[in-house]
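Engineer: Mind having a look at this structure? Questions to follow.
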């Protein structure tokens with residue numbers, strides 16, 4: 822079982838979609854929250870309170886950048902890539 826699968830099946834996992842609010846509103850994984858990439862720096866304290874963070878975006882580029890940024894601040898997270906992948910996992 823992959824780390825992503827394990828996290829998605831774990832209670833308390835938070836899926837953070839780092840796309841813009843407009844992109845998020847056009848479609849997103851169930852129960853995900855929207856924190857745009859350009860807002861991460863201002864929401865670090867909020868993110869530090871979360872456990873089992875999975876990051877996603879449209880293609881995986883922004884989620885990878887977000888993952889690197891959060892790890893620099895000591896926040897444990899997993900890059901989940903595209904939100905569609907996360908959505909497909911949650912539908913199974």
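In our numbering, the protein residues as written are 822 to 913.
Cβ atoms here follow ideal geometry from the backbone N, Cα and C, with glycine treated the same way.
Predicted model, so just to flag it, every value in this text is computed and none were measured.
Between residue 857 and residue 895, what straight-line distance do the alpha-carbon atoms span, to the nearest angstrom?
Structural biologist: Each residue's alpha carbon lies about 19 angstroms from the other.
Engineer: Near residue 833, which residues of its chain fall below 7 angstroms by C-beta distance, leaving aside the five closest residues on each side in sequence?
Structural biologist: Cβ neighbours of residue 833 beyond the five flanking positions: 872, 873.
Engineer: Straight-line CA distance for residue 864 to residue 889?
Structural biologist: Spanning the two alpha carbons is a distance of roughly 15 angstroms.
Engineer: Please report the straight-line C-alpha distance between residue 823 and residue 843, rounded to a whole angstrom.
Structural biologist: So the alpha carbons of these two residues sit roughly 30 angstroms apart.
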